[in-house]
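Residue numbers (UniProt numbering): 1 to 224.
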């Protein structure tokens, strides 16, 4: 029987248990989709003894129906559109450009807020574990995947506590590796699979990234 996770921390610990093959490997980098994905990824990174960073993606909501995604953007200038939604709702180029501009500004704000002047990790040639707290339609994750593959990692593993089975199958068919604790035939909402699913703040993201970097640095300095 599939049961709810108590919170994102418990979900991260369960997910980490499925990723032990990547523990103590110097080539492994854990990337999280903010904000909630960072809480999950923090537990994954500390169990794998791997560095943690963020992969920032912003959903492009349909004007007036913002919960409906017409696409997504990601770091590195990546843009992905759901052509069917754009065509069916007759969304103009002007409307698209306005939404992109707004979300690009928020993406850049978050990159500076979370990292400050610290540069992003170089993913070229590394094994990247890309973590979110759940995957429903997969639009956000797909934008992150496209952005990361442009940076030529050696391997990319999608990791999430809960996801729609159909979305997982799509990612696998596209040649991606995926680790998922609970694959569900119907996933109406990611949040209902958590007993506690609070909004994660920017301050919490920054704190977790700082703690993760401190713990990883301490692990690197340990007596061999």
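From the three backbone atoms N, C-alpha and C, an ideal C-beta is built for every residue, glycine too. Predicted model only: the values in this text are computed from it and were never measured.
With contacts defined by Cβ atoms closer than 8 Å, residue 208 and residue 38 form a contacting pair.
Residue 99 and residue 93 have their C-alpha atoms some 10 Å from each other. Residue 154 and residue 25 have their C-alpha atoms spaced approximately 13 Å apart. Contact holds between the region 113 to 129 and the region 148 to 162, because three or more Cβ pairs, one in each stretch, are under 8 Å apart. Per DSSP, the beta-bridge partners of residue 131 are 32, 159. Boundaries of the alpha helix (DSSP H) harbouring residue 214: 202 to 220, taken from the DSSP string. A straight-line Cα-Cα distance of about 7 Å links residue 135 and residue 162.
The straight-line gap separating the alpha-carbon atoms of residue 75 and residue 145 is approximately 11 Å.
Residue 203 is positioned such that its CB atom lies no closer than 8 Å to that of residue 7.
Residue pairing for residue 168: DSSP places it in no beta bridge.
Counting only the Cα atoms, residue 187 lies some 21 Å from residue 60. Boundaries of the alpha helix (DSSP H) around residue 14: 8 to 17. Proximity of the region 5 to 21 to the region 41 to 49 meets the contact definition, three or more beta-carbon pairs being nearer than 8 Å.
Secondary structure of residue 89 (DSSP, three-state): coil.
A distance below 8 Å between beta-carbons, with the five flanking residues on each side excluded, links residue 223 to no residue of its chain.
Going by beta carbons, residue 52 and residue 132 fall outside the 8 Å limit. Taking 8 Å as the cut-off, the beta carbon of residue 143 is found closer than this to the beta carbon of residue 78.
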